[in-house]
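Taken in order, these protein sequences are the chains called A and B.
The first sequence begins at 1 in our numbering and counts up by one.
The second sequence begins at 1001 in our numbering and counts up by one.
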Amino acid sequence: MSAPEATASPILGHPLLSEEDAARSHDRSRVHHARRHDRRWHLMWLLAGPGILAMLGENDGPSMIAYASDGAQYGLGLFVPLIPILFALAFVCQEMCMRIGAVTHRGYGELVLQRYGRAWGWFGAGDLCLTNLVTLIAEFVAIRVGLSYFGLGSGVAVALGLALVLFTLSGGRYWRWERTVLGLALFNGLFLVAAILTHPSLGKLAHSLTFTPLPHGSLNTLLLLLASTVGATVTPWMIFFQQSASADKGMTPNDVGHGRYDTALGAVLAAIFGIGALVAGAALLRSGSGAGIHGYAGAGFPAALSHVVGSGAGALFALGLVEAGAVAILTISASTAYAAGECIGVSHSFNTSPRNAAVFYAANVGVALIAAVVIVIPGAPLLSIALNANVLATVLLPVSLVFLLMLANDRELMGGWANRLTTNIIAIGVVTAVALCGAAYGIDSFLQSIHVVG
Amino acid sequence: MSEEPTTIGAPECEELIMHLERDQLAAETFRPVPRAKLGRRATLGLWALRIAALLLSAMVIYAFVARL
Chain A
1 MSAPEATASP
11 ILGHPLLSEE
21 DAARSHDRSR
31 VHHARRHDRR
41 WHLMWLLAGP
51 GILAMLGEND
61 GPSMIAYASD
71 GAQYGLGLFV
81 PLIPILFALA
91 FVCQEMCMRI
101 GAVTHRGYGE
111 LVLQRYGRAW
121 GWFGAGDLCL
131 TNLVTLIAEF
141 VAIRVGLSYF
151 GLGSGVAVAL
161 GLALVLFTLS
171 GGRYWRWERT
181 VLGLALFNGL
191 FLVAAILTHP
201 SLGKLAHSLT
211 FTPLPHGSLN
221 TLLLLLASTV
231 GATVTPWMIF
241 FQQSASADKG
251 MTPNDVGHGR
261 YDTALGAVLA
271 AIFGIGALVA
281 GAALLRSGSG
291 AGIHGYAGAG
301 FPAALSHVVG
311 SGAGALFALG
321 LVEAGAVAIL
331 TISASTAYAA
341 GECIGVSHSF
351 NTSPRNAAVF
361 YAANVGVALI
371 AAVVIVIPGA
381 PLLSIALNAN
391 VLATVLLPVS
401 LVFLLMLAND
411 RELMGGWANR
421 LTTNIIAIGV
431 VTAVALCGAA
441 YGIDSFLQSI
451 HVVG
Chain B
1001 MSEEPTTIGA
1011 PECEELIMHL
1021 ERDQLAAETF
1031 RPVPRAKLGR
1041 RATLGLWALR
1051 IAALLLSAMV
1061 IYAFVARL
């Protein structure tokens, strides 16, 4: 690993500060000031970010289409109570990422590589790059679906996605990048507004909290539905992203409490907005239009919603898809860039200029560019890519989760911040459930392809 | 591959450095942490995990190709 040149300062006895340190120090000075003057809300504002972005980034285009599709095909039962439970599970995993990042000041990729060897480090980074690439393709597809409602095509979707990546990278500061993406991510709430416009029955919504009515269909269909939803709750990019972003933001062990609030707030918002997409989709079931909506075949979802509920709901849903895809492109590209910089051993911070972190910026733009190119290739199997992106991320997730758990229990690294027994019991349960669901989802997908199951 | 970041001069360091923890400095984070010592069972478990992940990935990739 090549360390940046660090010469001891004759005055301070500290290494000379890099531009990355200077930018981070500036951000930290504001945190210290807010803490010293007991300005709690300002402190929360300063320390919020990585958790909300990881959670709302997971409410990406494919996820929101999947929620709406579930609502249109199966109704509210099962999913309304399941979505908050899943985000609670995601909180358990993401809290560990935040804590490790704040305590060690290092990203997930570099810690795995250094603690457990290059093979595991590169395995994790490779699996991340592959799943990120296919997921990014799915995000561009989601933007295209949203824009098609307004009569705009693939070219605009590609230009918009890439322009956003370049714009957010142009500041040379983590703070600016985070605030820009955070501002954009709050528009995930458009799904909630779209749901309200469908005038859902509050009685049915409350009734669905009792897990009824259960979706119809065979046991295999039900299990697959459950496995795909559970398995997709946490994804490898979220793990890489939140740990690296927490370190890049400059969080320290003193900030772990606020990091938990940030992650919890992200989980709550993501669950509410996810239910919004589900409820909007369920409006199609009420009207009898849901039968034709099947996952990505639901490319005309905003149009169907517009037809059934009104053009306002359709337009909001379409804009929501554009936002969900765009935010995910930004966060997933960032996670790829962090992983690339960490594994190669070069600067990997938004606080470093492109001149001094060429690999980081090149990976950030490069992965988005490759995904963008794929979606404009005539006849590219976008539907298949989008469907398999989720399965691939799910089956590779257990590896990332196991290392996350090992790092969170590593007392040499974490000291007193290592997992406690109760956290471990919950976390092991979550990891086991996600791993089993992921494996079941992957195996079922394979058996379907060889026609062993229907 | 080595990328040398622009450094801030020593007189400016004093005020900036007080807001950062020492192990938070970019130069410090580039110092690798020591390799973990894993027991035989942990190593075997990780190998099993690696094989399972590769097998499942192969299944998913096959399913993807089959659907093309």
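Note that beta-carbon positions come from the ideal geometry of N, C-alpha and C, so glycine has one too.
- For Trp45 (chain A), the uninterrupted alpha helix (DSSP H) segment begins and ends at Arg40 to Leu47.
- Under a criterion of Cβ atoms nearer than 8 Å, the residues of chain B adjacent to Ala439 (chain A) are, in order, Ala1052 and Leu1056.
- Setting aside the 5 residues that flank it on each side, Phe211 (chain A) is surrounded in the same chain by Gly77, Leu78 and Pro81, each with a C-beta closer than 7 Å to its C-beta; the list follows chain order.
- Counting only Cβ-Cβ distances below 7 Å, Leu413 (chain A) has contacts in chain B at Val1033, in chain order.
- The Cβ-Cβ distance between Ala371 (chain A) and Phe140 (chain A) falls below 8 Å.
- When rounded, the separation of the alpha-carbon atoms in Ala362 (chain A) and Thr432 (chain A) is 36 Å.
- Chain A has a Cβ within less than 8 Å of the Cβ of Arg1067 (chain B).
- Cβ-Cβ separation between Arg35 (chain A) and Trp417 (chain A): approximately 19 Å, too far for a contact (criterion under 8 Å).
- Around the beta-carbon of Lys249 (chain A), 16 or more other beta-carbon atoms lie within 10 Å, marking it buried.
- DSSP places Lys1037 (chain B) outside both helix and strand once states are collapsed to three, so it counts as coil.
- By the neighbour-count criterion, in which 16 or more other beta carbons inside 10 Å mark a residue as buried, Ala1026 (chain B) falls on the buried side.
- Between Val134 (chain A) and Asn356 (chain A), the C-beta gap is not smaller than 8 Å, which leaves the two residues out of contact.
- By the rule that beta-carbons nearer than 8 Å mark a contact, Asp410 (chain A) touches chain B.
- Judged by DSSP in its simplified three-state form, Glu1021 (chain B) adopts coil rather than helix or strand.
- Restricting attention to A:Gly75, A:Gly49 and A:Gly259, the CA atom closest to the CA of His207 (chain A) is found in A:Gly75.
- For Leu1049 (chain B), the chain A residues whose C-beta falls within less than 8 Å of its own C-beta are Pro398, Val399 and Val402, listed in chain order.
- Residues of the segment 89-107 of chain A whose Cβ lies closer than 7 Å to any Cβ of chain B, in chain order: His105 and Arg106.
- Counting along the chain, Arg1031 (chain B) sits inside no alpha helix (DSSP H), nor does DSSP assign it H or E at all.
- For Ala337 (chain A), the closest alpha carbon among the candidates A:Ala328, A:Ala326 and A:Ser349 is that of A:Ser349.
- Annotated as distal: Ala270 (chain A) and Ala195 (chain A), with beta-carbon spacing of 8 Å or more.
- Sequence-distant Cβ neighbours of Thr233 (chain A) in its own chain, meaning closer than 8 Å and more than five residues away, are Glu58, Leu86, Phe87, Leu89, Ala90 and Val434.
- Scanning its chain for C-beta atoms nearer than 8 Å, with the 5 sequence neighbours on each side dropped, one finds around Gly274 (chain A) the residues Asn59, Ser63, Met64, Tyr67, Ile83, Phe87 and Phe191, in chain order.
- Counting the other CB atoms within 10 Å of its CB gives Ser311 (chain A) a total below 16, which places it among the exposed residues.
- Leu56 (chain A) sits close to Asn188 (chain A), with the two beta carbons spaced by under 8 Å.
- Using a CB distance cut-off of 8 Å, Leu1020 (chain B) counts as an interface residue toward chain A.
- The closest CA to that of His32 (chain A), considering only B:Glu1028, B:Ile1017 and B:Ile1051, is found on B:Ile1017.
- Thr180 (chain A) sits in a helix when the DSSP states are folded into three classes.
- Contact note: Leu1044 (chain B) does not reach chain A at a C-beta cutoff of 7 Å; the least C-beta distance is about 13 Å.
- A distance below 8 Å between beta-carbons, with the five flanking residues on each side excluded, links Asn409 (chain A) to the following residues of its chain, in chain order: Ala418, Asn419 and Asn424.
- Taking 8 Å as the CB threshold, His32 (chain A) lines the interface with chain B.
- Per DSSP, Ala88 (chain A) is one residue of the alpha helix (DSSP H) stretching across Phe79 to Thr104.
- A straight-line Cα-Cα distance of about 34 Å links Ala163 (chain A) and Arg118 (chain A).
- No Cβ-Cβ contact shorter than 8 Å links Ile137 (chain A) with Gly161 (chain A).
- Taken through DSSP and simplified to helix, strand or coil, Phe211 (chain A) comes out as coil.
- Taking 8 Å as the cut-off, the Cβ atoms of Gln243 (chain A) and Gly71 (chain A) do not count as close.
- Within 7 Å of the CB of Ile443 (chain A), the CB atoms of chain B belong to Met1059, in sequence order along the chain.
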